[in-house]
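Asks: Residue numbering for the sequence shown follows the numbering used here, beginning at 244 and increasing consecutively. Glycine is no exception: its CB is placed at the ideal position from the N, C-alpha and C atoms. Submitted below is the structure of interest, expressed as structure tokens.
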Amino acid sequence: MAWMEAVRLLTQDGESTRQGALTVMGRLCGQDPTLAEATAHVVRTAMSQWEEDGSSSPALEEAARQLLDGLDTPLVDKPAP
Numbered sequence: 244m245a246w247m248e249a250v251r252l253l254t255q256d257g258e259s260t261r262q263g264a265l266t267v268m269g270r271l272c273g274q275d276p277t278l279a280e281a282t283a284h285v286v287r288t289a290m291s292q293w294e295e296d297g298s299s300s301p302a303l304e305e306a307a308r309q310l311l312d313g314l315d316t317p318l319v320d321k322p323a324p
């Protein structure tokens, strides 16, 4: 349930809320690696939405990239740096 709450928080306004959600998702993926592929998909989708609606920031983008870099998701294509 915590993972779903973190997914929901990624769509909320507020950089600290979103960064907190990314932190929670990273911890949960550390505890349950089976969440990595879904997390990678959700985070990439959220990043695209933030960029589209202009609500992203360099710090938020960096936090999302660090989470994606830390995931072991061999079945998910990672974007080029």
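Contact defined as beta carbons within less than 8 Å: I believe residue 247 pairs with residue 310. What is the distance between those atoms, to the nearest angstrom?
Replies: Wrong, their Cβ atoms sit about 17 Å apart, outside the cutoff.
Asks: Does the distance from the C-beta atom of residue 307 to that of residue 271 stay below 8 Å?
Replies: no
Asks: How would you write the range of the alpha helix (DSSP H) that residue 301 sits in, first residue to last?
Replies: 301-313
Asks: Starting from residue 298, trace the alpha helix (DSSP H) in both directions and tell me its first and last residue.
Replies: That residue, residue 298, is in no alpha helix (DSSP H); it is neither H nor E in DSSP.
Asks: What is the C-beta distance between residue 258 and residue 289, in whole angstroms, given that I count them as a contact (C-beta under 8 Å)?
Replies: Wrong, their Cβ atoms sit about 12 Å apart, outside the cutoff.
Asks: How should residue 262 be labelled, buried or exposed, when 16 other C-beta atoms within 10 angstroms of its C-beta is the threshold for buried?
Replies: buried
Asks: Taking DSSP as the reference, what is the three-state secondary structure of residue 266?
Replies: In the structure shown, residue 266 sits in a helix (DSSP, three-state: H, G or I).
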